[in-house]
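Visitor:
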Amino acid sequence: MATVERQQTDLVTLEIDGQAVQAPKGSMIIEAADRIGIDIPRFCYHHKLSIAANCRMCLVDVEKAPKPLPACATPVGEGMKVFTESRRAVDAQRGVMEFLLINHPLDCPICDQGGECELQDLAMGYGRSVSRFTERKRVVKDKNLGPLVSTDMTRCIHCTRCVRFLEEIAGTAELGGIGRGEHTEISTFVERNIQSELSGNIIDLCPVGALTNKPFRFSARPWEMRARALVGSHDCLGSNLYYHVRGRKIMRCVPRDNEAINECWLADRDRYSHFGLEAEDRLTAPKIKIQGQWQDCDWTTALDAAAAGLRSVIDQHGPEQLGVLVSPRATTEEHHLLRRLSDGLGCSNIDHRVRMVDSDHPLAGKARMDVSSAEISKADAIFLIGSNIRQDQPILGHRVRTAWRLHGARIMDLNPVAYDFHFDLAERITVAPQAMVQALARVTRAALAATDGKLPDGPLGELLAKTEADAPAERTVAALQAADRAVLLLGDGALNHPQASQLRALAECLAERLQIFLCVLPGPANSQGAWRAGTVPGERGLAADAMLSDPRQSYLLVDLEPSLDTAHPARAMGALGAAETVVAVTSFAGPDLLEVADVLLPMAAVPETDGSYINLDGTDQAFRAAIKPPFEAREGWKILRRLGEMLGLEGFDFVSLEAVVDSLQADATTRTETDAQSLAKDLTPPAVSDQELARIGDVPMFAGDALVRRSRPLQQTSHADAPVARLHPATAERLGLSQAQRVRVRQDQDYAEAAFELRLDSAVAVDALWLPVAVPEVASLGPAYGPISLEADRE
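Residue numbering for the sequence shown follows numbering that gives the first Met the number 0, beginning at 0 and increasing consecutively.
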């Protein structure tokens, strides 16, 4: 059950080692000591976790107390005098250390935690030079926690930091204590891997070497590596992190504290994605296709071929026959140069919103944050629309869980799947994708009825006039109205929905009428940087989906895998395959690019380049490359500079990234924020047949971009299992598939069909099929959201 955090306003004055300090009433001695820089040894205490007082290493001497007291579990009091270095305190701490070392193995020389072990550090100050213990040490069997976390449980000192993290922060409660006395062990309750999307944080929390980074283990010592500060590139939050580098190789990744962004935590895909840099299909030299065969070449030859191909198409067919598609994960500087290049060629067809099919809203794909991401954790009511926030934005999901756990927030959701959240829901509205607009319209209609009842003008008002509120909608509105800090949050599912503009317009109307905060998440990392730089189509330009549905004669692709990163992969591959010239600036030579591209230019991945990202809060975060790109690969901004120069365009004569930044600041593109209620598009939801079946094409957590798809540790987790078709039992019965083991799926008659294992899942909405995208097995199918047909697979 969620607990409500008590507001501490009263201060008390106490004295620690002769220094006076004020601390909130009810806080602990260890917190007051940390505030004034007095170090008290500890193992189990962590400022983000609940108090356990397991290790007793923080024993201190409190005046008038009959025995030493644990500083982490002793509240401060007015006039209290605390001594951390008195004889009684030091003797108590030394005694605790002796007990901790009784069963600890003597494997420091070969322990992978050596050099950064809290137990090792404190043993130097509080341990004895000899041991009085002569009995046999206990041995604990190691546990298999999966491909990301390695265990040496004989080293465990039962601080329970990992247990408390998974229960309180991650919300999965996958570890616990079993046994009693010297037979106590930290273990999974049943023999299985840890499933949490934040599981790697227990490595950082472990004060000994009991939990370590499995892919990194035994590969380097901490004193051999240098820390390089960078930013996470896999979601819109931009988590702060350090890459630990030895030579020209990234060895591991750890979090960098930033309370406003990721606190002290890091999502697993940010922690382990760097292993994808060593993929077998890493592009390390320029390639050109000659008579259907790929050949390595030098940079001048490749750039000449690219420039000639693009210029030829423009001269023959006009600039409108060029399409420029770029991953939002490119740096802001790369987005800026790409925009300048397309402008120089007279082309308005440029877009970074490669998974979006509905860009009619004037700010489609652009974030709107009425409150910062950090303040979401203080909300007392949250309404999630089209968001599997736990997997799409793991750290932001933690913020939502914090609001529920500490502030008792009531959370509601409107989704096509009853997702497995790590917080309780006060109201759950689960409908098929084709019914989401109507469902949100009912909630908005209930909001109008609860306020002034006045309908908005235009198509939005016409839609709402034909809509009636239902009981779930009224309960949702009542919870939002009763809250002091309510937040409406649109996630990735709403962003990529075929009626995304309608969902956003309704959400904006709902937030305005209820006077609550609206947070529209921009989806992938640096989408905000792309908007700042202007990689969106001009007034006469085509959006990403339109460029592929109405094919162009030539394409320039930047950091994109068309069969995995687009909304309609089969259509994208068809359009690119029919084009005269396709130039790809990419880090990896995947099979799809080898099939459709004519020139491949090797690009540095994010950890290998200088640049900046802008997160959903508008925070601009600059970073330097952690390592150099391999062999002939070059940073994206350098490639685009050379390409612009060889095309004879103006404004590409700079020699440093600083000049690009100055140019970006001078040319920053701004778009007028049009009133969403004045949208010209007809907002009426499409008529839905009783027999219609729609696909729910979620992007799996470890399939969102080229780097995570190639990270072997991430692909060994259960989150990267082969795709399975999931169907509600009632839908399966209606379709006569209740006994089917496999089904054959078809979306468009023009494209191939594919067979998948069928699982009945009541979490999926009725009349919908849950089949993920961004994985090779589904690349031949149609769009992520759209009509789909099924039949039993007889083979």
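Ideal Cβ placement from N, Cα and C applies to all residues, glycine included.
Please read these numbers as outputs of a predicted model, since none were measured by experiment.
Could you tell me whether the region 157 to 175 touches the region 118 to 135, using the rule of 3 or more Cβ pairs below 8 Å?
Guide: Flag = no, the region 157 to 175 and the region 118 to 135 do not touch.
Visitor: What would DSSP say about Gly176, mapped onto helix, strand or coil?
Guide: Here residue 176 is taken as the residue at index 177 of the sequence shown, counted from 1. Strand at Gly176.
Visitor: How big is the Cα-Cα spacing for Ile626 and Arg247?
Guide: Within the sequence shown, residue 626 is the residue found at index 627, counting from 1. Within the sequence shown, residue 247 is the residue found at index 248, counting from 1. The straight-line gap from Cα to Cα measures roughly 6 Å.
Visitor: Hey, which unbroken runs of the alpha helix (DSSP H) at 4 residues or more fall wholly within the region 101 to 187?
Guide: For the region 101 to 187, whole alpha helix (DSSP H) runs of length 4 or above, ordered along the chain, are 117 to 125, 160 to 163.
Visitor: Count the CB pairs spanning the region 763 to 780 and the region 422 to 435 that are closer than 8 Å, and state whether there are at least three.
Guide: The region 763 to 780, when compared against the region 422 to 435, does touch it at the 8 Å Cβ threshold.
Visitor: If I'm right that Val581 touches Asp597 with Cβ under 8 Å, what's the distance once you round it to whole angstroms?
Guide: Along the sequence shown, read from residue 1 onward, the residue named residue 581 stands at position 582. Along the sequence shown, read from residue 1 onward, the residue named residue 597 stands at position 598. Right, their Cβ atoms sit about 5 Å apart.
Visitor: Would you mind working out which of Ala719, Arg709, Pro712, Ser710 sits nearest Asp697, comparing C-alpha positions?
Guide: As a first step, residue 697 must be located in the sequence shown, where it is residue number 698. Residue Ala719 is the option with its Cα nearest to Asp697.
Visitor: When the distance is taken between beta carbons, is Ala724 closer than 8 Å to Val707?
Guide: Sequence index remark: in the sequence shown, residue 707 carries index 708 (1-based). Sequence index remark: in the sequence shown, residue 724 carries index 725 (1-based). No, these two residues do not count as a Cβ contact at 8 Å.
Visitor: Nearest-angstrom Cα distance between Gly322 and Leu599?
Guide: Against the sequence shown, residue 322 aligns to sequence position 323. Against the sequence shown, residue 599 aligns to sequence position 600. Near 16 Å, if we compare the C-alpha coordinates of Leu599 and Gly322.
Visitor: May I ask you to list the residues that DSSP assigns as paired with Asp295?
Guide: Position 296 of the sequence shown, counted from the start, is the residue given in the question as residue 295. Bridge partners of Asp295: Lys286.
Visitor: Measuring CA to CA, which of Cys296, Thr187, Lys142 is closest to Ala632?
Guide: The sequence position of residue 632 within the sequence shown is 633, counting from 1. When only C-alpha atoms are compared, the closest one is Cys296.
Visitor: What number of angstroms, rounded off, separates the C-alpha of Thr331 from the C-alpha of Met368?
Guide: Reading the sequence shown from its first residue, position 332 is the one you call residue 331. Reading the sequence shown from its first residue, position 369 is the one you call residue 368. Their Cα atoms are separated by approximately 20 Å.
Visitor: How about Phe164 and Gly175: are their beta carbons less than 8 Å apart?
Guide: In the sequence shown, counting from the first residue as 1, residue 164 sits at position 165. In the sequence shown, counting from the first residue as 1, residue 175 sits at position 176. No; because the gap between Cβ atoms is not below 8 Å, this pair is not in contact.
Visitor: May I ask you to report which of helix, strand or coil DSSP gives Gln18?
Guide: As a first step, residue 18 must be located in the sequence shown, where it is residue number 19. Gln18 falls in the strand class under three-state DSSP.
Visitor: Please name the residue, chosen from Pro561, Thr585, Phe382, Asp267, that lies closest to Ala472 on a Cα-to-Cα basis.
Guide: Reading the sequence shown from its first residue, position 473 is the one you call residue 472. With distances taken between Cα atoms, Ala472 lies closest to Phe382.
Visitor: Cα separation between Val253 and Pro221?
Guide: For the purposes of this step, residue 253 is taken as the residue at position 254 of the sequence shown. For the purposes of this step, residue 221 is taken as the residue at position 222 of the sequence shown. Straight-line Cα distance between these residues: approximately 12 Å.
Visitor: Quick check for students: name the residue ranges of the alpha helix (DSSP H) that lie wholly in the region 706 to 745, counting only runs of 4 or more.
Guide: Qualifying alpha helix (DSSP H) stretches, in chain order: 711 to 714, 728 to 733.
Visitor: Can you tell me the Cα-Cα spacing of Asp412 and Ala493, whole angstroms?
Guide: Here residue 412 is taken as the residue at index 413 of the sequence shown, counted from 1. Here residue 493 is taken as the residue at index 494 of the sequence shown, counted from 1. So the two alpha carbons sit approximately 12 Å from each other.
Visitor: My assumption, with CB atoms under 8 Å, is that Leu509 sits in contact with Thr450. Please give the rounded CB distance.
Guide: Here the question's residue 509 lines up with position 510 in the sequence shown. Here the question's residue 450 lines up with position 451 in the sequence shown. About 10 Å; that fails the 8 Å criterion.
Visitor: Should Pro206 go down as buried or exposed, given a rule of 16 or more other Cβ atoms within 10 Å for buried?
Guide: Position 207 of the sequence shown, counted from the first residue, corresponds to residue 206. Flag for Pro206 reads buried.
Visitor: With burial defined as no fewer than 16 other Cβ atoms inside 10 Å of the residue's Cβ, what is the status of Gly180: buried or exposed?
Guide: Your numbering for residue 180 matches position 181 in the sequence shown. Burial call: exposed.
Visitor: Is the Cβ-Cβ distance between Phe513 and Ala470 less than 8 Å?
Guide: Along the sequence shown, one-based indexing puts residue 513 at 514. Along the sequence shown, one-based indexing puts residue 470 at 471. Inspection of the sequence shows that residue 513 is occupied by Leu rather than by Phe. In this structure, Ala470 does not lie closer than 8 Å to Leu513 by Cβ.
Visitor: On a CA-only basis, which of Thr12, Ser717, Arg255, Lys365 is nearest Ile613? Give me that one, please.
Guide: What you label residue 613 is simply residue 614 of the sequence shown in a count that begins at 1. Minimum Cα distance to Ile613 is reached at Lys365.
Visitor: In terms of alpha-carbon separation, which member of Ala791, Phe653, Pro74 lies closest to Ala52?
Guide: Here residue 52 is taken as the residue at index 53 of the sequence shown, counted from 1. When each option's Cα is compared against that of Ala52, the closest is Pro74.
Visitor: Given a threshold of 16 other Cβ atoms within 10 Å of its Cβ, counted over all protein chains shown, does Asp111 qualify as buried or as exposed?
Guide: The sequence position of residue 111 within the sequence shown is 112, counting from 1. By the neighbour-count rule (16 or more Cβ atoms within 10 Å), Asp111 is buried.
Visitor: Should Thr585 and Val325 be called a contact, given that it needs their Cβ atoms to be closer than 8 Å?
Guide: Locating residue 585 in the sequence shown gives position 586, counting from the first residue. Locating residue 325 in the sequence shown gives position 326, counting from the first residue. No. Outside cutoff.
Visitor: Pull the bridge partners of Asp619 from the DSSP assignment, please.
Guide: Taking the sequence shown and counting its residues from 1, one reaches residue 619 at position 620. BP columns for Asp619 point to Ile613.
Visitor: Beta carbon of Arg441, beta carbon of His421: below 8 Å?
Guide: On the sequence shown, position 442 is the one that residue 441 refers to. On the sequence shown, position 422 is the one that residue 421 refers to. Not in contact: Arg441 and His421 (Cβ atoms no closer than 8 Å).
Visitor: Under DSSP, the beta strand (DSSP E) around Gly322 begins and ends at which residues?
Guide: Your numbering for residue 322 matches position 323 in the sequence shown. Gly322 -> beta strand (DSSP E) spans 321 to 325.
Visitor: Counting pairs of Cβ atoms below 8 Å between the region 523 to 531 and the region 233 to 249, do you hit three or more?
Guide: Contact between the region 523 to 531 and the region 233 to 249 is present, because at least three Cβ pairs lie under 8 Å.
Visitor: Can you tell me where the alpha helix (DSSP H) with His243 in it begins and where it stops?
Guide: Here the question's residue 243 lines up with position 244 in the sequence shown. Element bounds for His243: not the alpha helix (DSSP H) but the beta strand (DSSP E), 239 to 245.
Visitor: Cutting at 7 Å between CB atoms, please list the residues of its own chain near Arg268, excluding the five before and the five after it.
Guide: Your numbering for residue 268 matches position 269 in the sequence shown. These residues qualify, in order along the chain: His233, Met700, Phe701, Val707, Leu713.
Visitor: Quick check: what's the CA-CA separation for Ala89 versus Ser195?
Guide: Sequence index remark: in the sequence shown, residue 89 carries index 90 (1-based). Sequence index remark: in the sequence shown, residue 195 carries index 196 (1-based). Ala is not the amino acid found at residue 89; the sequence shown has Val there. Near 39 Å, if we compare the C-alpha coordinates of Ser195 and Val89.
Visitor: Where does Glu426 sit, in a helix, a strand or coil, going by DSSP?
Guide: By 1-based counting over the sequence shown, the position of residue 426 is 427. Residue state, collapsed to three classes: strand.
Visitor: Going by beta-carbon coordinates alone, are Glu644 and Asp609 separated by less than 8 Å?
Guide: As a position in the sequence shown, residue 644 is number 645, starting the count at 1. As a position in the sequence shown, residue 609 is number 610, starting the count at 1. No, the pair does not count as a contact, with Cβ atoms beyond the cut-off.
Visitor: Starting from Cys252, trace the beta strand (DSSP E) both ways and give me its first and last residue.
Guide: Counting from 1 along the sequence shown, the entry for residue 252 is found at position 253. Note, Cys252: beta strand (DSSP E), 248 to 254.
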